[in-house]
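If you're matching positions, the sequence shown starts at -1 in our numbering and goes up one per residue. No residue lacks a Cβ here, since even glycine has one placed at the ideal position from N, Cα and C. A short write-up of the structure that comes next.
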Amino acid sequence: MSVLFLALAGCELGSGRARDLRETWMDPVYAAVGTPPAPLASGDRDGDGLSDEREAELARTFAPIVLLDREDHARPASVPWVMERSDFVEGAARVRRARRAFDDDVRKGSERPEDWVTYVDVYPRASGGIHVEYWFYYPYNEGPLIFQHESDWEHMTVRLDEAGRPLGAYLARHEDNNPGPYFAWSRLRKEGEHPVVLSARGTHATYADRSDLAWFESAASSCDDLAACADRPWRTWEGGGLSRLDDVPESALAGRAFRFDGRWGAAGFWPGTSAPRGPMFQSGHCAGGFATCRKPIEMASLL
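Structure (structure tokens):
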């Protein structure tokens, strides 16, 4: 079974777009040895040299539209929503014993768009420009065969130049998520400045369109007319809206969850069957950013 999973992952990695030499080798060097911008005197809560106001503006301007497959039984949610229905942080030992953190109703996610929150991090890219990360949370991943697990964190990263103009986006999927295959801005479908992406049925991996899908995945139709689409367009800046990943104000429960360095659910025996850790502890977080991008969260997790 492990061989089968690795074969699926290998095929998925092979479906990605090739990285150029700069992204593969030079960006990590910039990130490791580069000098981050000095914090602003005020209005810069994360101290990254970008004003909070500008970060909020960029996050909203380029917030994606995610097409949710109408046959997907696992909908999005928010961190407070799931924390109110599970004690996977305080009850981590119980979850390990029971091999289950969420009941069936929680695994379905929420049918109410008001409960769907997209978590955002905006930060300087070490080799120049700005990255805007968008993280989507689904309480359950219903993959092919046995590849199901609790909690499903997916993301995409919009790349901007120094002036805040869009260059392209990285779309994370499965093992190719740090930060994911790169697509030029002209390659992506858009509504205004909002990129339109597909959420794969069950696994919620992020794809540019149906031609980009891995062979073992299915997803919503591309819906030429979003207003008449049979699949649900999730305009991520509406409904539950956008929330800063590094400053989660929704509730004390959410704060504990984001600083929890364990798995957000049960661990499985086979690869692809364990709940992931939160986004702040994933390799896709702060990809291409300075080393200081992670520091506030790593320090907070130790408190």
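Candidates the options: closest to residue i by CA position
i	options	result
Phe134	Leu251, Glu55, His202 and Ala273	His202
Ala39	Thr59, Val31, Asp50 and Pro111	Asp50
Ala30	Thr271, Asn139, Asp150 and Ser125	Ser125
Asp42	Tyr121, Gln146, Arg105 and Asp102	Tyr121
Glu173	Cys291, Asp259, Gln280 and Ala217	Gln280
Val80	Ser108, His192, Pro37 and Leu196	Ser108
Val87	Leu251, Arg292 and His283	Leu251
Glu131	Val27, Lys106 and Tyr117	Tyr117
Arg187	Gly127, Cys221 and Ala289	Cys221
Pro189	Phe60, Ala36, Gly276 and Leu48	Note that residue 189 is Glu in the sequence shown, not Pro. The option with the nearest alpha carbon to Glu189 is Phe60.
Gly270	Pro142, Pro26, Ser84 and Pro35	Pro142
Arg58	Asn175, His147, Gly47 and Glu191	Glu191
Ile144	Glu160, Ser272 and Ala206	Ser272
Gln146	Met24, Ala265 and Cys284	Ala265
Gly127	Lys106, Tyr205 and Glu160	Glu160
Asp210	Met24, Pro179 and Asn175	Pro179
Glu236	Tyr205, Trp268, Leu48 and Arg110	Arg110
Integer-rounded CB distance, given that residue j should sit under 8 angstroms from residue i
i	j	result
Gly162	Phe181	Not confirmed; about 19 angstroms, so no contact.
Trp114	Ser76	7 angstroms
Gly45	Asn139	Contact flag wrong, Cβ pair sits at about 34 angstroms.
Tyr168	Thr155	4 angstroms
Pro74	Pro193	Wrong, their Cβ atoms sit about 17 angstroms apart, outside the cutoff.
Gly282	His129	With 8 angstroms as the limit, Gly282 and His129 do not qualify as a contact, their Cβ atoms being about 11 angstroms apart.
Arg275	Asp259	6 angstroms
Under 9 angstroms between C-beta atoms of residue i and residue j
i	j	result
Pro164	Ala170	no
Leu65	Leu196	yes
Ser216	Ala198	yes
Gly238	Glu53	no
Trp151	Trp262	yes
Pro26	His153	no
Arg157	Arg123	yes
Phe214	Gly32	no
Pro35	Cys291	no
Arg83	Asp102	no
Asp303	Cys284	Nothing in the structure corresponds to residue 303, since the chain is present only between -1 and 301.
Residues that residue i bridges to, as DSSP identifies them
i	result
Thr116	Phe134 and Leu240
Asn139	His147
Gly287	Arg123
Lys188	Pro193
Trp232	Val64
Gly166	Arg157 and Ala182
Tyr28	DSSP, once it has assigned bridges, lists no residue as partnering Tyr28.
Ala217	Ala198
His129	Tyr121 and Arg157
Thr59	None, per the DSSP bridge assignment.
Glu152	Phe134
Asp174	Arg171
Neighbour flag for residue i against chain C, beta carbons, 9 angstroms
i	result
Leu158	The chain inventory of the structure shown lacks chain C, comprising one protein chain alone.
For the 8 angstroms Cβ check, are there 3 or more pairs between the segment 234 to 244 and the segment 65 to 73?
-> no
Using 8 angstroms as the threshold, is the segment 94 to 109 in touch with the segment 217 to 226, meaning 3 or more CB pairs across them?
-> no
Count the C-beta pairs between the segment 228 to 240 and the segment 253 to 261 that are closer than 8 angstroms, then say yes if the count reaches three, no if not.
-> no
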